[in-house]
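Peer 1: Below you'll find the structure I mean.
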Amino acid sequence: MGWMQRLKNGFARLMYGRNGPDQLGLAMIWTSLALDVLSIAARRFVPLAGAVLYWAAMVLWLTAFFRMFSKNLYRRREENSRWMQFWWKLRSGAQGAKARHADKEHKYFTCRNCKTICRVPMGKGKVEITCPKCGAKIYGKT
Ligand SMILES: [Zn+2]
41 MGWMQRLKNG FARLMYGRNG PDQLGLAMIW TSLALDVLSI AARRFVPLAG
91 AVLYWAAMVL WLTAFFRMFS KNLYRRREEN SRWMQFWWKL RSGAQGAKAR
141 HADKEHKYFT CRNCKTICRV PMGKGKVEIT CPKCGAKIYG KT
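For what it's worth, this note's numbering labels the leading residue of the sequence shown as 41, then goes sequentially.
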């Protein structure tokens, strides 16, 4: 048995019953790698910032490692699902913002009371909008 095969078998045995790499773990590892690269660049100009980034990368990396080998699957899955929800929100939010930016025919107002986004046609001058959700008044210009 070659050493590669032995290593693989050993790893499989080690990972049995453990969380392994999930989406959150992978995101942490990627972020830590990015921070590491940033720290190398930052160290040249601001040594302190470089050190901080380096340690942030280290902590993330260790946390990712800990999660990967953790046997508390319930907790780890919960963390991962929370991360996925956050990520999904972030992504759909960015997509929504992009779509609103591309829309030149409407202006978008966010209700201060309930954060609902209200769409108003452009070119109406000063408008008073009643929030469809909570009834608060929004004043704006289109
Ligand atoms: Zn509202």
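We treat Cβ as the ideally placed atom computed from N, Cα and C, and that holds for glycine. All values derive from a computational prediction rather than experimental measurement.
Check whether the stretch 51–68 touches the stretch 115–132, taking contact to mean three or more Cβ pairs, one atom from each stretch, closer than 8 Å.
Peer 2: Short answer: they touch.
Peer 1: Taking Cβ to Cβ, would you say Thr150 is nearer than 8 Å to Lys164?
Peer 2: Sequence index remark: in the sequence shown, residue 150 carries index 110 (1-based). Sequence index remark: in the sequence shown, residue 164 carries index 124 (1-based). Their beta carbons are not under 8 Å apart, which means Thr150 does not touch Lys164 by this criterion.
Peer 1: Is Leu75 near Leu100, with beta carbons less than 8 Å apart?
Peer 2: Counting from one through the sequence shown, the residue named residue 75 turns up at place 35. Counting from one through the sequence shown, the residue named residue 100 turns up at place 60. Contact: yes.
Peer 1: Could you tell me if the beta carbon of Ala176 falls within a distance shorter than 7 Å of some heavy atom in ligand 1?
Peer 2: Position 136 of the sequence shown, counted from the first residue, corresponds to residue 176. Indeed, a heavy atom of ligand 1 lies less than 7 Å from the Cβ.
Peer 1: Quick check on the DSSP output: what are the complete alpha helix (DSSP H) runs of length 4 or more inside the stretch 76–117, in order along the chain?
Peer 2: Within the stretch 76–117, the complete alpha helix (DSSP H) runs of at least 4 residues are 87–109.
Peer 1: Which value, in whole angstroms, describes the spacing of the CA atoms of Leu54 and Ser110?
Peer 2: In the sequence shown, counting from the first residue as 1, residue 54 sits at position 14. In the sequence shown, counting from the first residue as 1, residue 110 sits at position 70. Approximately 11 Å between the Cα atoms of the pair.
Peer 1: When you compare the CB positions of Leu89 and Ala97, do they come within less than 8 Å of one another, or not?
Peer 2: Within the sequence shown, the letter at position 49 stands for residue 89. Within the sequence shown, the letter at position 57 stands for residue 97. The sequence shown places Ala at residue 89, rather than the Leu named in the question. No, the pair does not count as a contact, with Cβ atoms beyond the cut-off.
Peer 1: What does the Cβ neighbour count give for Cys171, buried or exposed, with the cut at 16 atoms within 10 Å?
Peer 2: Within the sequence shown, residue 171 is the residue found at index 131, counting from 1. With 16 or more Cβ atoms within 10 Å of its Cβ, Cys171 is classed as buried.
Peer 1: How is the beta strand (DSSP E) around Gly11 delimited, first residue to last?
Peer 2: Past the edges of the chain, shown from 41 to 182, lies residue 11, and the structure says nothing about it.
Peer 1: Would you identify the three-state DSSP class for Lys129, choosing helix, strand or coil?
Peer 2: Counting from 1 along the sequence shown, the entry for residue 129 is found at position 89. It is helical.
Peer 1: Smallest Cα separation from Arg72: which of Val92, Tyr56, Lys147, Gly180?
Peer 2: Here residue 72 corresponds to residue number 32 of the sequence shown, with the count starting at 1. The sequence given here places Ser at residue 72; Arg does not occur at that position. Selected option, being the one with the closest Cα: Val92.
Peer 1: Reducing DSSP to helix, strand and coil, say where Lys155 ends up.
Peer 2: Within the sequence shown, the letter at position 115 stands for residue 155. Coil at Lys155, not helix or strand.
Peer 1: Would you kindly work out how many angstroms separate the C-alpha atoms of Glu145 and Gln125, rounded to a whole number?
Peer 2: Position 105 of the sequence shown, counted from the start, is the residue given in the question as residue 145. Position 85 of the sequence shown, counted from the start, is the residue given in the question as residue 125. If you take the alpha carbons of Glu145 and Gln125, they lie about 31 Å apart.
Peer 1: Looking only at its chain, what residues have a beta carbon closer than 7 Å to the beta carbon of Asn153, apart from the 5 residues adjacent to it on each side?
Peer 2: In the sequence shown, residue 153 corresponds to position 113, counting from 1. Within the same chain, Asn153 has close Cβ partners Cys171, Cys174, Ala176.
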